[in-house]
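One structure below.
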Amino acid sequence: MELWPLFTKITIRCICFRTSICVVIMYFTGGIAVNDFIRKLTSENWIWSEKEILVEGKSHFTERQFVDAVRFARGAYMEQGITDGERILLMIPAGSLLYVTLYALWSIGATGVLFDSDMDISTRKLCMERAKVKKVIGIKPVIEQCKKYMQDEVMFLSCESCVCFGKKGAAVSGITISPEKEALISFTSGSTGVPKGIVRTFGFLECQREEIKKQFLYEQHDVDFAVMPIFTVTNFIFGIKTVLPAFSLRGPECAASIFENVQKEQVTRMILSPFLAEAMIRYGKQNKIQLCSVRKIFVGGGPMYKHIIDGVMELFPESECYLLYGCSEAEPIALYNMKQLTKEQWQSIETGDGLVAGDMCLPCAIIQNEPGRQYGELDEKAWETLKLTNEVGEIIVSGKHVLSGYMDGIGDKENKIKVGDTVWHRTGDLGRIKEDGVLYLYGRTKAAIHEEGKWFYPFCVESKVYSNFQVKKAAFLLHEGKKTLVVQAEKEEYKKIVEQKEWLDVDKVIYIDEMPMDKKHLSKIDYGALTSRI
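Here my numbering is used: the first residue of the sequence shown is 1209, the next is one more, and so on.
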C-alpha cells in the first residue's frame, strides 16, 4: 500500500498542555512569551501539575506526563545527533508524537520543517534542498516510504523510539531562545508556481499568540477541539486542555466520532473547517442532536455560504458562532459573530454580493485586481493611486502577525508590496470593505472573469446557487471561453439550475458526480482539477 498518500491525508490536529493554576493566570494575562515557555518546559525550577491537559483516543495525559515526554525526547534526539540550528523535516502524523517532537526540537534549538499535503515527490525533493534538510524524523512506515525518493545522505530517525510517555528526561537550565530564531518552516504546495517557504520565528509566533489571545478570548477552564495548526501552538502556551481526534478527519463519517468526543469530554470550544462543519450539521440533523455544551465555535478555511452559517447556528444554539478568515501568512485576518449578521449582510450573502469575512484584526486595504503585476516598492502617491474604496479588488494586509517575506526571498516580488517601512502581503483573495466597515469576500483574484466591461466573481455566482437551489457543491469558472457553472446535485435540481442560467449570469451549466476539493481542508474547490475533469 502507498503509505505517503496515507500520511498526507492526515489532518493536523491540535494539542496543548495545562499549567499549574498560578501559571495559568499568568498565561491568561499575557505574562509569558513563546520563547519563555520553551525555556520553562525544560527548567528544573518549574513545577508541573497532575491536571489532565491532553486527551487522545483512550489516552489521557497530565501536564507533568507531557512535559516528561518532551524532556525525554529532547535527550533522545540529542543522542541521535540533533543540534542547535538544524532544520529537521517532520514526517509524523498529527497527534501527541508530533507535538512532543516539535517542542523537544525547539528546546534543543532546532527548527521543524513541514510540507503542504498537496506536494508531489519532485516538489518535496526541491523543498528539502532549499531548506537544507539533512535529518528526517518520522514514524517507521512513513520513513520506509520516504527512503525511496530521498537522497542517501539524509539521516532518518524514528519518533517512536524517542517519544515515550511514562519516561522522564533530565531538566536543563539556562536555555535562551531569541525572537529572531527560526521555530517552524512550512512550504506551500507550489500549485501556482515555485513553492514558497514560510519561516515562522519565535518572535512571529509570539505576535500571533498575542493576537489570538486578544481575538479568541480563551477562558481558564476551556476544553478545545481544534484542527488548525496555528492554534495548536497557542493552546499549549495558554494552558488549554485539548482533545485530539484519534481518527481520520477526511470523511463524512468522522462526524459521529467528533460528536462522541465533544459530548464525552465536554468540549467548550471548537475551530473547524467548513467541510467538518457541514459533516457535523448533517449528522446532527439526521440524529436530531444539538451541541449545547460548546461555548464558542469558529469556522474557517473556506468560503462560508448561507446554508453552512444557518446549519452551524442551528447545531450550536447556545454558542457564540464566528466566521474566521485568514491565510498561511496572516492568521487571523477577520472574525465575525454569525448571530450578529445584519439584514443587509444576509442579503449580500443570498444575492451574491459578497460573503461576509468579518471585522478586520489588522491593517487591511483593497487594491486593483491585477494578479500578475509586481509592485515592489511604492511611494505614497503611487500607493494612494493603487488603493480602492468600497470596490472589489485584491485584499492586502500588514501588521506584526503578517509574514514580511519568504525564505530566501522566493515569492517576495509576486506577493509583497513595500510602502515606506510597511510591508503589505497580497492574499490573492478578492474582497471589498463596504460602508459598514466589514470585509467581504468574492473569490480568488485569478478566478474573476472580465467580460464586456463587467466583472463576474466565483463566490457571487456560487452563493446565489447555494441560497436558491438544493446542491451539494457549486463552482463558477471560465471554461472554453464561456462563463461556466459546475454543479453536484440531484438531476432534477440540475435541470432547474439550467433553466435559470440567465438569472445566474452564466453561459452554460455542467453536471458533475463529485466535485474535486482542496486536500488541506476539503473546503475549497480545486479549480485546476475541475478544469481538467470537465
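Even for Gly, the Cβ is constructed at its ideal location relative to N, Cα and C.
By the criterion of a C-beta distance shorter than 7 angstroms, residue 1249 is surrounded in its chain by 1275, 1278, 1311 and 1315, once the five residues flanking it on both sides are discounted. The Cβ atoms of residue 1693 and residue 1735 do not sit closer than 7 angstroms to each other. Per the C-alpha coordinates, the member of 1588, 1658 and 1418 positioned closest to residue 1629 is 1588. In this structure the stretch 1497-1505 lies against the stretch 1524-1534, because at least three pairs of beta carbons, one per stretch, are closer than 8 angstroms. CA-CA distance, residue 1289 to residue 1362, rounds to 13 angstroms.
Note on residue 1711: under 16 other CB atoms within 10 angstroms of its CB, so exposed under the neighbour-count rule.
Under the DSSP assignment, residue 1695 falls in the beta strand (DSSP E) whose first and last residues are 1690-1697. C-alpha of residue 1654 to C-alpha of residue 1636: approximately 8 angstroms in a straight line. Residue 1558 and residue 1740 have their C-alpha atoms some 30 angstroms from each other. In this model, residue 1243 and residue 1386 are separated by some 7 angstroms (Cα to Cα). The C-alpha of residue 1300 lies about 15 angstroms from the C-alpha of residue 1393. The C-alpha of residue 1374 lies about 10 angstroms from the C-alpha of residue 1272. Here the alpha carbons of residue 1345 and residue 1576 stand approximately 44 angstroms from one another.
Inter-segment contact for the stretch 1607-1621 and the stretch 1662-1678 is absent: fewer than three beta-carbon pairs are separated by less than 8 angstroms. Sixteen is the threshold: since fewer than 16 other Cβ atoms of the shown chains lie within 10 Å of the Cβ of residue 1571, the residue is exposed. The alpha-carbon separation between residue 1611 and residue 1703 amounts to approximately 46 angstroms. For residue 1418 and residue 1568, the gap between their C-alpha atoms comes out near 16 angstroms. When secondary structure is reduced to three states using DSSP, residue 1395 falls in the strand class. Collapsing the DSSP output to three states places residue 1540 in a strand.
Residue 1537 sits buried, since 16 or more C-beta atoms from the chains shown fall within 10 Å of its C-beta. Taking the Cβ atoms as the reference, residue 1283 lies roughly 18 angstroms from residue 1298, outside the contact range of under 8 angstroms. Distances from the CA of residue 1718 to each of 1667, 1728 and 1679 were compared; the closest alpha carbon is that of 1679. For residue 1664, DSSP records a beta bridge to 1657.
For residue 1488, the closest of 1473, 1476, 1468 and 1241 by C-alpha to C-alpha distance is 1468.
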